[in-house]
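Right, one structure below, let's go through it.
Protein chains: 4
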Amino acid sequence: MKKKSRFLQTPVVPFTVEGDLTADQILARMERISFQGRNLAAAHRLWRRMLEDDVTIFLGMAGALSAGGLRLIVAHLIANRYVDCLVSTGANLYHDLHETRGQHHFLASPHADDAALADEQIDRVYDTLASEEEFIQNDNWIADFAATLEPRPYTTREFLYQLGGHLWTTTHSDGILVAAYRANVPIFCPAIADSSIGMGLSQARHKNPRAGQIDIIGDIVESANIVIRRPRTASIVLGGGTPKNFINQASVQAEFYSSQVGGHRYALQIVTDVPHFGGASGSSLEEAQSWGKLSTDSAKVSVQSDATIALPLLACALANTAPPILARRKPPVFTLASHVMTIEGQTVFRDRFEEVNESPV
Amino acid sequence: MKKKSRFLQTPVVPFTVEGDLTADQILARMERISFQGRNLAAAHRLWRRMLEDDVTIFLGMAGALSAGGLRLIVAHLIANRYVDCLVSTGANLYHDLHETRGQHHFLASPHADDAALADEQIDRVYDTLASEEEFIQNDNWIADFAATLEPRPYTTREFLYQLGGHLWTTTHSDGILVAAYRANVPIFCPAIADSSIGMGLSQARHKNPRAGQIDIIGDIVESANIVIRRPRTASIVLGGGTPKNFINQASVQAEFYSSQVGGHRYALQIVTDVPHFGGASGSSLEEAQSWGKLSTDSAKVSVQSDATIALPLLACALANTAPPILARRKPPVFTLASHVMTIEGQTVFRDRFEEVNESPV
Amino acid sequence: MKKKSRFLQTPVVPFTVEGDLTADQILARMERISFQGRNLAAAHRLWRRMLEDDVTIFLGMAGALSAGGLRLIVAHLIANRYVDCLVSTGANLYHDLHETRGQHHFLASPHADDAALADEQIDRVYDTLASEEEFIQNDNWIADFAATLEPRPYTTREFLYQLGGHLWTTTHSDGILVAAYRANVPIFCPAIADSSIGMGLSQARHKNPRAGQIDIIGDIVESANIVIRRPRTASIVLGGGTPKNFINQASVQAEFYSSQVGGHRYALQIVTDVPHFGGASGSSLEEAQSWGKLSTDSAKVSVQSDATIALPLLACALANTAPPILARRKPPVFTLASHVMTIEGQTVFRDRFEEVNESPV
Amino acid sequence: MKKKSRFLQTPVVPFTVEGDLTADQILARMERISFQGRNLAAAHRLWRRMLEDDVTIFLGMAGALSAGGLRLIVAHLIANRYVDCLVSTGANLYHDLHETRGQHHFLASPHADDAALADEQIDRVYDTLASEEEFIQNDNWIADFAATLEPRPYTTREFLYQLGGHLWTTTHSDGILVAAYRANVPIFCPAIADSSIGMGLSQARHKNPRAGQIDIIGDIVESANIVIRRPRTASIVLGGGTPKNFINQASVQAEFYSSQVGGHRYALQIVTDVPHFGGASGSSLEEAQSWGKLSTDSAKVSVQSDATIALPLLACALANTAPPILARRKPPVFTLASHVMTIEGQTVFRDRFEEVNESPV
């Protein structure tokens, strides 16, 4: 046979079955298979590279991950500083709060009788149920808490930190909001108005017309300033949605004001949506490079999988392989308790962008 | 052969090809075929039923519909009052503004070289391009406009009405924002912080720390009060995302305060996402009934299709079949120019829910 | 503004709504929008180019298109020689036969009670039903017919021609099998063993151990020889599956024996499957070029859409735009009635490949 | 709070991360989360139930699983009799043969330059490559082998057994064909004509007009007779395609001739296709019940996932949990070496269905 083509260098190595493999060993074998299995293995490797490098790691989460049983994985990722900043839909934070407050979601069939459920005031998320009565109690709980706050505008970052603190004080239970509160990891929720947390805030407003002021434009400024302060960043996205774009926007917005910002250096997404209908959730990481959302030399992996399969496997694998890296890692230190946050001791303004004119090093 | 089963009543009638059929005639023939073709035909019928009934019709739009060439269809639907209230992502309004201001999106291959595009500062949305330089000019234009506004909190509804007015005054061109302004159709943008309109507002903030105040909690209150004022409603959703949920949330939130509200009476969605991963974008309309987002006896149709195929066909069909219905229709009349909007002459508060305790008629 | 980028040449032109547009006019406007709408418009243009050129056009069909109401569109495409050779799943031919014999499929909900249907012996295909009793009668009808044939091996091409003839004689009704019979368009069914036509043949075998002999390897030889005889070819695929690959395989196999064959010159696919899981149904047309299934300079369009939406629109558009081209077109002439078929008067062997050693012209 | 609803019985238990969990422990935790993670856990449980019960287990495989690195998992499932009968696409068997013969597939990017690949005669399957030259050698090898066989019709079951034996003799390497040969597990390939194995057979025909006779109608009869002989069956499907339907068809066909057959008792599918376009690959297991493909009380699980993620995890989990069950299991014993196969010592005819008129026990 003629000389091997330059294209044919690394053979597929068929996966061989063993019962006692741990998640990281399974993923190690998946590095040499194909399609999404290979991508998931590459995601494991890439996340470790992010942790080895000196980057601020953003995690975006959309889809019903909290209701679907992944909230303690996200809490674990936050508590152990696999990530440094969370951007979430409101629903994921709300369903997290629901369980942290001692309530539950419940298993069901996706073929449930929705009229019967409506009759019993039970809400369905595909194959998962929750009690509307308990949701109403959550809304009231949020409204009551929000009504106690000093009546002024809050970024979602500040509000969610306070909410996490209140949740921790009242429950001493674990969860996403609590883990972020305790680890001083900022949470942004750009679409908070499209969630039950927003509904709770609107009910606070109903009680007191000066309550429930949310300054989402301040969130844009703060998130961009985080990038300006530390221009080396990474994006990890579960499920697309507003978090995916908001994390990218932070970088694009930052670049307007600082020439040191050049797009995320790493990008990892686990999505089920596809690129060919043009929506942002399914958009490719290559496309993101055209916008400067990612640097053109960024390392990137896209995995097409339901997060309820991919994330447990990935998180368990990291739990075996990442601890030595985490031990060496110096994650950025935030203070979040007040109106104006800080990163590494430096102020992160909410009302003006930090302008940086020097060239990148 | 034995007596026909009760299940076997309405035969499929194979589609027969003719060259001179108009869109409504094509859809009429698709009523008796199967799968998504039948659903699209049913969508045409359902939309006409909404227009015949006395309901407030919400339209949600997500995905890159404006960049993708559908913005004048949406403008047409607004101007002719096929719909009464728009809920949109920020990107769709921004890309609409971009073209209304005389700029363009451009055709490209989805296999474009993103590094080369980044080098020329061109942003890609699958197979469609835009100039980043022009986007920066838009951002400035929005920032300049926002900085001229009296510095106080604005709901997105109020801000976008003002923005549409400014756009109309300066361009006298058609588009979504302009059509809504001219037809007094309210626009809500719950995730405005996750868009270039939000970026423009943040840049206004940078110029003036009191500018760029957006009251998204007020949007929740206003949208629910619209439903409380007129409890019979319909939901039309293109592409899922935050608009889909926000329209449903308006109904759920309204029901807390008014026993006359009982979920949308009609629901039509054109989506590409699927239910089985649990995300809201792809969630079924049956599931929405469990939540009370839709009434349990609502008429509903879900079409699995890219809107760039389904919407042109549907809108052209309606243009032939709906005008007599539109002529009879009495759409709700809004005033949107000030801090507090009205519907049918009644105030729609932004800081408290209108409580209605009477039983429904 | 600086000089326009070479990338920004052809602006998106937003679709404008008019009620009296015909399908071709709708598609003409969709040429300048984005995503799958643009692709469907490009498909219309590409099919006309195929008809203008001197190529043999293969049509592949998979998915439940016949049961779903598209069988008379396919019959129309065959009768009017928009296509020259059909490759189909067995189910599509069987459901076509079912209706040609005067029976029906029926409209239903996709949420039908399957236990109740099973109880009444009704078979469901998503939102479409059929009577099992009628299916059993079809199977018997096919078995009876097959048992009358001289007991020797038949390619599916020969058998399906005979079946079409028998169907025409007994029903004088239109359909895919009948149209192909009357227009002398060959049909291949490589997976006939995986269908109710195969089941009918197996029942003929049960009656007579020498009946029901199908020579599918002969189909491979014949299909490749068709390409060798006329090396300029085009592939149109609806839904992927075995037809998609078989059409490509014909070209690849032909190339082994004739240096004049160089892959299909045109390729058009309307699919719903995606590339990233590695399956052939969703594979990209670019990938097909690596294999030589398509020539590297082939014109190609891939549309991501349910065929029940895309095909009615596309076929109606062609019915307005293609007739002058069809009038000029000289489609290849087949004879199919005997053991050995011919194309343009030349024998198409079933037991050896036609070897062509000359260089291409 | 009021009494708990009957719907709210089993709470979601959020997945908690640990590094040293094995696959079965990971899946055990996924039993109480949602969406496809829960379904994959249920698949693990269901497969064990199949092994506990006295059923013949069919495994269907479609999609590029062999090229993609899963062939030794399938070989392992066959060798350890997790399954009793394989139905496969031709491509999966061909790519298995390719590697068993000592050749490889290779890792690549899905964005490879297909013109460059074509130029070097390298074939791409999404992110995986193979040498066309080696493929041509395989085709020749198959053709040479097929030409040595006694010239008479072979079911794919018989031919593939002989091919597996030849492969074992010449390579002494493991793989799907070899494992099935050595374990006396029958393989059916209903769409063999749509694969490179079919191409090899057609090239044997080219050498000798009496070679390459495949009796696919005999495959239908044999597969149904297997079900008639042992009416309790189970279906496991990876990826849909012709194997999915063929396994179902075996049961439906068997039921025509034996009242003891009542549809598969268990069904498990791991697919990426969706039901709402009507195709068989994505069709729901509920729909299959209407046809009698599955019994109306069958236990069933559908997992929406790429098999390259789901199957390694599932197979490793079974390797820990199933061995005691396998040790007790008495799988059906086949003889496959001759024209007519047997199961449990009873003849499985290929030219007539075994008619059973007694009522089921």
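Chains as they are written, first to last, in the numbering used here: chain L, 63 to 423; chain W, 63 to 423; chain Z, 63 to 423; chain H, 63 to 423.
Glycine included, each C-beta is placed from N, C-alpha and C at the ideal position.
Bear in mind that the values here come from a model prediction, so they are computed numbers and not experimental data.
- For residue 326 (chain Z), the enclosing beta strand (DSSP E) starts and ends at 326 to 333.
- Taking CB atoms only, residue 271 (chain H) has a neighbour in chain Z less than 8 angstroms away.
- The DSSP-derived three-state label of residue 95 (chain W) is coil.
- Of all residues in the region 401 to 413 of chain L, none is placed with a Cβ closer than 8 angstroms to any Cβ belonging to chain H.
- In this structure, DSSP gives residue 73 (chain W) an extended state, which the three-state scheme calls strand.
- Contact between residue 258 (chain L) and residue 197 (chain L) holds: their C-beta atoms lie close to 7 angstroms from each other, under 8 angstroms.
- If the five residues before and after residue 179 (chain L) are omitted, its C-beta is found closer than 8 angstroms to the C-beta atoms of 185, 186, 191, all from its own chain and listed in chain order.
- Distance from the CA atom of residue 389 (chain Z) to the CA atom of residue 358 (chain L), rounded to whole angstroms, is 52 angstroms.
- Counting only unbroken stretches of 4 or more residues, the alpha helix (DSSP H) elements lying wholly within the region 376 to 418 of chain Z are 385 to 390, in sequence order.
- For residue 73 (chain Z), the nearest CB of chain W lies under 8 angstroms from its own CB, placing it at the interface with that chain.
- Counting only residues of its own chain and dropping the five nearest sequence neighbours on each side, residue 75 (chain H) has a CB closer than 7 angstroms to the CB of 94.
- Look at residue 188 (chain H): its C-beta is under 8 angstroms from a C-beta on chain Z.
- Each residue's CA atom was taken as its position, placing residue 77 (chain Z) and residue 175 (chain H) some 34 angstroms apart.
- With contacts defined by Cβ atoms closer than 8 angstroms, residue 415 (chain Z) and residue 338 (chain L) do not form a contacting pair.
- Residue 125 (chain L) sits close to residue 341 (chain W), with the two beta carbons spaced by under 8 angstroms.
- Relative to the Cα of residue 373 (chain H), the nearest Cα in the group L:145, L:88, L:266 belongs to L:88.
- Not flagged as an interface residue toward chain L: residue 321 (chain Z), since no C-beta distance is shorter than 8 angstroms.
- The CB of residue 336 (chain Z) comes closer than 7 angstroms to the CB of 336 in chain L, given here in chain order.
- Nearest to residue 311 (chain W) by C-alpha distance, out of W:230, W:356, W:267, is W:356.
- Here residue 216 (chain L) is bridged, per DSSP, to L:276.
- Any Cβ of chain H closer than 8 angstroms to the Cβ of residue 77 (chain L) would place that residue at the interface, and such an atom is present.
- When DSSP states are grouped into helix, strand and coil, residue 211 (chain H) belongs to the coil group.
- DSSP links residue 159 (chain H) through a beta bridge to no other residue.
- With the criterion set as a beta carbon lying under 8 angstroms from some beta carbon of chain L, the members of the region 105 to 135 of chain H are 126, 129, 130, 131, 132, 133, 134, 135, in sequence order.
- By the neighbour-count criterion, in which 16 or more other beta carbons inside 10 Å mark a residue as buried, residue 68 (chain H) falls on the exposed side.
- When the beta-carbon positions are compared, residue 364 (chain W) and residue 331 (chain W) come within less than 8 angstroms of each other.
- Contact annotation for residue 331 (chain W) against chain H: no contact, minimum CB-CB distance about 13 angstroms [criterion: below 7 angstroms].
- By the beta-carbon neighbour count (other beta carbons within 10 angstroms, threshold 16), residue 327 (chain L) is buried.
- In the structure shown, residue 192 (chain L) falls within a strand segment according to DSSP collapsed to helix, strand and coil.
- Taking 4 residues as the minimum length, the alpha helix (DSSP H) runs contained wholly in the region 337 to 374 of chain W are 347 to 352, in order along the chain.
- Take residue 376 (chain H), set aside five residues on each side of it, and the residues of its chain with a beta-carbon closer than 7 angstroms to its own are 102, 105, 106, in chain order.
- Look at residue 358 (chain L): its C-beta is under 8 angstroms from a C-beta on chain W.
- Separation of residue 164 (chain W) and residue 287 (chain L) (C-alpha to C-alpha, rounded to the nearest whole angstrom) is 32 angstroms.
- By the beta-carbon neighbour count (other beta carbons within 10 angstroms, threshold 16), residue 160 (chain Z) is buried.
- Boundaries of the alpha helix (DSSP H) harbouring residue 181 (chain W): 176 to 181, taken from the DSSP string.
- Between residue 295 (chain Z) and chain H, the shortest Cβ-Cβ separation is not below 8 angstroms.
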